[in-house]
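Residue numbers (our numbering): 80 to 242.
Pasting the structure below:
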């Protein structure tokens, strides 16, 4: 079964080229942590403290959230923070975040559109995320130790991972 929870919607003019994203557990649960590991490549140096992220969250056709955050504030709201150099040079860029999924998120299938831009208005990254919280999973039916590479990039015409 392939899992396409995270889709890279960026193209070649985006600054961040995402190579791989791994989520652990592979299927995040309400009220629990999910470990987000990302391997990517920066095409140029970026001040990450000034990157803005527009987050649109929908449940079906209904828009539940449409808000813009600075990247550090978005991560802090999920219990994480940037690590390493906040102004990394061009080249390989790896991040690992332990994100806390709020237990108050509605039980439903969520679609999240995440678009990030640099302080000077350049496109940084674009992700489409599909999460299914339509039922509360029993702890015995899921594992917090099994991860899955879940990045799909249509511009690369291949699935980055499956489980």
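All C-beta atoms, glycine included, are put in the ideal place defined by N, C-alpha and C.
Counting only the Cα atoms, residue 213 lies some 31 Å from residue 203. Beta-bridge analysis with DSSP links residue 205 to 194. Our two residues, residue 110 and residue 92, have alpha carbons roughly 36 Å apart in a direct line. Where residue 156 is concerned, the enclosing alpha helix (DSSP H) starts and stops at 150-156. Non-local beta-carbon contacts of residue 130 in its own chain, meaning distances under 8 Å to residues more than five positions away in sequence, involve 149, 150, 195, 196, 197, 198, 203 in chain order. By the criterion of a C-beta distance shorter than 6 Å, residue 135 is surrounded in its chain by 145, 192, once the five residues flanking it on both sides are discounted.
Within its own chain, the residues whose Cβ lies closer than 7 Å to the Cβ of residue 208, once the five positions on either side in sequence are excluded, are 84, 85, 191, 193, listed in chain order.
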